[in-house]
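One rule links them: number in the working numbering = place in the sequence shown (from 1) + 72.
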Amino acid sequence: MRTYFFLLLLSTVVSFGLTRWLARIATARGWMRSENGDSTGVPRLGGISVFATALIMMLLLILWDNQVAERVMAELPLALGLAGAAGAVFAMGLYDDLRGAKPWQKLLVQCAAAAGLYIVGFRVEVLTNPFTQGQVHLGWMSLPLTLLWLVAISNAFNLIDGLDGLAAGVGLFATVTLFLLAMLQAKSFVTAITVALAGALFGFLPHNFNPARIYLGDSGSLTIGIVLAALAIDSSQKGPVLLTVAIPLMIFGLPLLDVSVTTARRFLSGQPLFRRDEEHLHHRLQKIGMTPRASVLLLYGLAALFALASLLLVNYRGATAPLIALLCGIVAWIVVRQMQYAEFAELDSHVRTEWRSQRHVLRNQILLRKAEEELHVAASVEEAWSVARRIIEALEFSSAACELEGRSALRWAAGTEEAAAAQSWTLTIPLAHEGRHIGTLRLTRPMHYRPLLFRVSPLLQFFANEFAGRVAPLLGGEAGKSISNAAGAR
Numbered sequence: 073m074r075t076y077f078f079l080l081l082l083s084t085v086v087s088f089g090l091t092r093w094l095a096r097i098a099t100a101r102g103w104m105r106s107e108n109g110d111s112t113g114v115p116r117l118g119g120i121s122v123f124a125t126a127l128i129m130m131l132l133l134i135l136w137d138n139q140v141a142e143r144v145m146a147e148l149p150l151a152l153g154l155a156g157a158a159g160a161v162f163a164m165g166l167y168d169d170l171r172g173a174k175p176w177q178k179l180l181v182q183c184a185a186a187a188g189l190y191i192v193g194f195r196v197e198v199l200t201n202p203f204t205q206g207q208v209h210l211g212w213m214s215l216p217l218t219l220l221w222l223v224a225i226s227n228a229f230n231l232i233d234g235l236d237g238l239a240a241g242v243g244l245f246a247t248v249t250l251f252l253l254a255m256l257q258a259k260s261f262v263t264a265i266t267v268a269l270a271g272a273l274f275g276f277l278p279h280n281f282n283p284a285r286i287y288l289g290d291s292g293s294l295t296i297g298i299v300l301a302a303l304a305i306d307s308s309q310k311g312p313v314l315l316t317v318a319i320p321l322m323i324f325g326l327p328l329l330d331v332s333v334t335t336a337r338r339f340l341s342g343q344p345l346f347r348r349d350e351e352h353l354h355h356r357l358q359k360i361g362m363t364p365r366a367s368v369l370l371l372y373g374l375a376a377l378f379a380l381a382s383l384l385l386v387n388y389r390g391a392t393a394p395l396i397a398l399l400c401g402i403v404a405w406i407v408v409r410q411m412q413y414a415e416f417a418e419l420d421s422h423v424r425t426e427w428r429s430q431r432h433v434l435r436n437q438i439l440l441r442k443a444e445e446e447l448h449v450a451a452s453v454e455e456a457w458s459v460a461r462r463i464i465e466a467l468e469f470s471s472a473a474c475e476l477e478g479r480s481a482l483r484w485a486a487g488t489e490e491a492a493a494a495q496s497w498t499l500t501i502p503l504a505h506e507g508r509h510i511g512t513l514r515l516t517r518p519m520h521y522r523p524l525l526f527r528v529s530p531l532l533q534f535f536a537n538e539f540a541g542r543v544a545p546l547l548g549g550e551a552g553k554s555i556s557n558a559a560g561a562r
């Protein structure tokens, strides 16, 4: 334990000093590039100090002659693979921070790094149900799920890096959580790396918290994300007891929540899923009136809640696990609702309206079916119109006029002065039978009436097919009677 404490202390001091020096020299020499590509503002090179500090600490630990170093050396292939993958992502992120890289270039490097991690042994091979403790062996699905996990978490950390201190602080919460899990499982390899990374982030944060003197940049956020994602795989898949799939998800609960919310709202609004915008969780908190510092502290609290839940899931399983997951879900739902996203407000309104109206819609559909049966036995145009009129009234139209060839129009009105004086819209339905036009039906409904509680398509089919199909032969019968009466009169 003394080794870890010394490693944490040394890492914090080195990171603090290195970050301070880097911020000064980057500002003095103009090594800055903002999101829109100009060279003004705050340097985005904080990833250098975090990555360099963690790497130096691990090298020093390996050179240290003690039991912790020996246990880490036993995992040397994993350590080298992780360092190589992290180095590749770091290099691409640094290039983006200085010159700018295209999204597909960053994604390509991330996928290559993730594939390398899979090859050296960071693999999602088994999923454990948090409720039943049953296991699912993934087989060939292991590779795509591993790549998806590593790339998704890496990008999730990059997406939340939008406020001073946010990504680094959330990364620190996740790192400490993984450290505690590794300690519980006696995994020296993961423990040592998380201690070194925690110290690097802790030393970096004083320079990154609002007002920031240096930003983490893509070199920091992408690298932190993929390293933590790989360590989560190692902790959950290779310990003495396989951890449930819910625990890694909880550890990265805040970044994954932001990604989920972003994906959902862009899907609902029909926007491209990968377009950059300013509607992430941290942006919305400021738009509803919170200061940047208050926004970050609130999101720290949410990250701490997810971290605590992941630790509780280690000890409390079975019937307790669903309750823990439910409580976290409720808190996350409340937070998202308070952010007043237009997409979710509209979805909520739509669902509520549909829930209330579906019973009425079903009732009206039943009325249409019964009316079809009554039309089949109608003996005259007047009887058919009587059936149609009941449907028109039930569907809350204010008036109707049915103009049939060869006879006077059939009319109906609700009879209220309010309906007669109101602004209205009209639905015109042509009536035809066997290709022959027999008339027109016009239905009128005031604009201020409640929303339609019926589906328009079945209504059109009822009048255009059933009503017209029944009225046409009845009109023919009336015409025949008229001819017979005229002949008899002669």
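Quick reminder that beta carbons are idealized off the backbone N, C-alpha and C, glycines included.
Helix, strand or coil, according to DSSP, for W136 in the structure here? Of the three classes helix, strand and coil, the one that applies to W136 here is coil, per DSSP.
For I510, does the three-state DSSP call read helix, strand or coil? It is a strand residue.
Nearest to I120 (by Cα), restricted to the options E197, T295 and I438: T295
Per DSSP, which residues does L207 bridge with? Please list them. Position check: residue 207 holds Gln in this sequence, whereas Leu was assumed. Beta-bridge pairing links Q207 to T200.
Identify the continuous beta strand (DSSP E) that holds H355 and give its terminal residues. Counting along the chain, H355 falls outside any beta strand (DSSP E), though it belongs to the alpha helix (DSSP H) covering L353 to K359.
Report the three-state DSSP secondary structure of E475 (helix, strand or coil). strand
Beta-carbon proximity of A158 to V248, cut-off 8 Å: Contact check for A158 against V248 fails: the beta carbons are separated by 8 Å or more.
If we count the other Cβ atoms within 10 Å of its Cβ and call it buried at 16 or more, is Y388 buried or exposed? exposed
Leaving out five residues before and five after F261 in sequence, what residues of the same chain have Cβ atoms less than 6 Å from its Cβ? V144 and E147
Measure the C-alpha to C-alpha separation of Y76 and L398 and round it to an integer number of angstroms. If you draw a straight line from the Cα of Y76 to the Cα of L398, it comes to about 35 Å.
I'd like to check one pair, N280 with G237: are the Cβ atoms closer than 8 Å? yes
With DSSP as the reference, please indicate the residues paired to R347 in a beta bridge. Here R347 is not bridged, per DSSP, to any residue.
At which residues does the alpha helix (DSSP H) containing A379 begin and terminate? A379 -> alpha helix (DSSP H) spans P364 to N387.
Could you tell me the alpha carbon to alpha carbon distance between L90 and M129, rounded to whole angstroms? Spanning the two alpha carbons is a distance of roughly 13 Å.
Is it right to say A551 is buried, meaning 16 or more other beta carbons lie within 10 angstroms of its own, or is it exposed? At A551, the pLDDT of 46 sits below 50, so the modelled position is not reliable and the matter cannot be decided from this model.
Pick from G325, R195 and A163 that is closest to F378, judged by C-alpha positions: Nearest C-alpha to F378: G325.
Does H520 come out as helix, strand or coil in the three-state DSSP assignment? Note: H520 maps to coil in three-state DSSP.
Which of helix, strand or coil does DSSP assign to S480? coil
Using 8 Å for Cβ pairs, my map puts D290 next to N230. What's the rounded Cβ distance? 6 Å
Does the distance from the CB of W103 to the CB of L170 come in under 8 Å? Yes. Within cutoff.
In angstroms, rounded to a whole number, what distance separates the CA positions of H448 and V459? The straight-line gap from Cα to Cα measures roughly 11 Å.
Segment contact, 8 Å Cβ cut-off, at least three pairs: the segment 132-140 with the segment 171-185: no
Starting from P502, follow the beta strand (DSSP E) in both directions and report where the run begins and ends. S496 to H505
Between which two residues does the alpha helix (DSSP H) harbouring I97 extend? R74 to R101
Just to confirm, are G244 and A270 a CB contact at a threshold of 8 Å? In the sequence on display, residue 244 carries Leu and not Gly. Yes, the Cβ-Cβ distance between L244 and A270 is below 8 Å.
A450 - DSSP class collapsed to helix/strand/coil: coil
Kindly list the residues whose CB is nearer than 7 Å to the CB of F276, restricted to its own chain and excluding five residues on each side of it in sequence; keep chain order. S87, T91, G118, S121, V122 and A240
V331 and A224 - do their beta-carbons sit closer together than 8 Å? yes
Can you check the segment 111-165 for any alpha helix (DSSP H) of at least 4 residues that lies completely inside it and give the ranges in chain order? 118-135 and 139-145
Are L482 and A540 close, meaning C-beta to C-beta below 8 Å? no
Quick one: Cα of A304 to Cα of R116, how far? 27 Å
Straight-line gap, T297 to L222 (C-alpha atoms, nearest Å): First, the amino acid is wrong: residue 297 is Gly here, not Thr. If you take the alpha carbons of G297 and L222, they lie about 8 Å apart.
In the DSSP output, what is A485 paired with across the bridge? S471
Select from A284, H509 and L531 the residue whose C-alpha is nearest the C-alpha of I438. Comparing Cα-Cα distances from I438 to each of A284, H509 and L531, the minimum goes to L531.
In angstroms with no decimal places, state the Cα-to-Cα distance between E415 and I319. 29 Å
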